[in-house]
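A.B. asks: Everything in the sequence shown is counted per the working numbering, starting at 3 for the first residue and increasing by one.
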Amino acid sequence: IISFCNGAEDDEQKRNTVRIAVILLGALAVIFALITPVMIWGLPALFSVSAQAGIFMQQGLIIYAFSYPFKAGIKFICAYHYSNKRAWQANLLIYLDPLLTPLLLMFLPQLFGMNGIWLALPLTQTFVFVTGIFLREKEKQGQHFLYLR
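Okay, structure coming up:
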């Protein structure tokens, strides 16, 4: 829809579409993050894991739930850049994830033990999201950081 609005040069509809998408994605991400702690208590039994593994699983999924809003934001920001013919920025955000995650998976467990493994994704998603916001702000200022045609 954003791409269509760009082609039609309908900036008002584009802003409305972006606003609706942000509200919807934000609300769904928060809802999923809030229901995760409630839903995970049955998972250890479902997968027949030991009590100790179940505790790690429950703690980890609660930590992991913090990444949901950032994941939603990244998906939207990437789609937004693609729809505005800025594939370079979208690709940068997409490939930052697999570049950063393994590095954090190597170092965070050294600092935080088992929770370091679970922290890797929320921290990666947060960093990529902040990078996406940075790119968007540069675009709004007319600087078009990494804008290649």
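Glycine included, each C-beta is placed from N, C-alpha and C at the ideal position.
Considering only residues of the same chain and omitting the five flanking positions on each side of Ala-122, which have a CB-CB separation below 7 angstroms?
C.D. replies: Position 120 of the sequence shown, counted from the first residue, corresponds to residue 122. Excluding sequence neighbours, Ala-122 sits near Thr-103, Leu-106, Leu-107, Leu-110.
A.B. asks: In chain order, which continuous runs of the alpha helix (DSSP H) of length 4 or greater are located wholly inside the region 55-106?
C.D. replies: Listed in chain order, they are 70-85.
A.B. asks: Inspect the beta-carbon positions of Gly-56 and Gly-134 and report whether they are closer than 8 angstroms.
C.D. replies: Position 54 of the sequence shown, counting from 1, holds the residue named residue 56. Position 132 of the sequence shown, counting from 1, holds the residue named residue 134. Contact flag unset, no.
A.B. asks: Grouping DSSP H, G and I as helix and E and B as strand, with all else coil, what is Ser-52?
C.D. replies: Your numbering for residue 52 matches position 50 in the sequence shown. Ser-52: coil per DSSP, three-state reduction.
A.B. asks: Which of the three DSSP states is assigned to Glu-139 in this structure?
C.D. replies: One-based indexing of the sequence shown puts residue 139 at position 137. It is helical.
A.B. asks: Out of Ile-119, Gly-115, Gln-143, Gln-91, which has the shortest C-alpha to C-alpha gap to Phe-131?
C.D. replies: Here residue 131 is taken as the residue at index 129 of the sequence shown, counted from 1. Nearest of Ile-119, Gly-115, Gln-143, Gln-91 to Phe-131, Cα basis: Gln-91.
A.B. asks: Figure out for me which residue from Ile-64, Ala-31, Lys-77 has the closest Cα to the Cα of Asp-99.
C.D. replies: Taking the first residue of the sequence shown as 1, we reach residue 99 at position 97. Taking only the C-alpha atoms, the option nearest Asp-99 is Lys-77.
A.B. asks: Counting C-beta neighbours from all protein chains within 10 Å, is the total for Ala-67 16 or more, i.e. buried, or is it exposed?
C.D. replies: Taking the sequence shown and counting its residues from 1, the one referred to as residue 67 is at position 65. Result: buried.
A.B. asks: Within the continuous alpha helix (DSSP H) that includes Glu-11, where are the two ends?
C.D. replies: Translated into positions along the sequence shown, residue 11 becomes position 9. Where Glu-11 is concerned, there is no enclosing alpha helix (DSSP H), given that its DSSP letter is neither H nor E.
A.B. asks: Helix or strand or just coil, what does DSSP make of Ile-3?
C.D. replies: Within the sequence shown, the letter at position 1 stands for residue 3. Coil, per DSSP.
A.B. asks: In chain order, what residues of the same chain have a beta carbon less than 7 angstroms from the beta carbon of Tyr-70, not counting five sequence neighbours either side?
C.D. replies: Within the sequence shown, residue 70 is the residue found at index 68, counting from 1. Ala-31, Phe-34, Ala-35, listed in sequence order.
A.B. asks: Per DSSP, what kind of secondary structure is Ile-22 in: helix, strand or coil?
C.D. replies: On the sequence shown, residue 22 is found 20 positions in, with the first residue counted as 1. Here Ile-22 sits in helix by DSSP.
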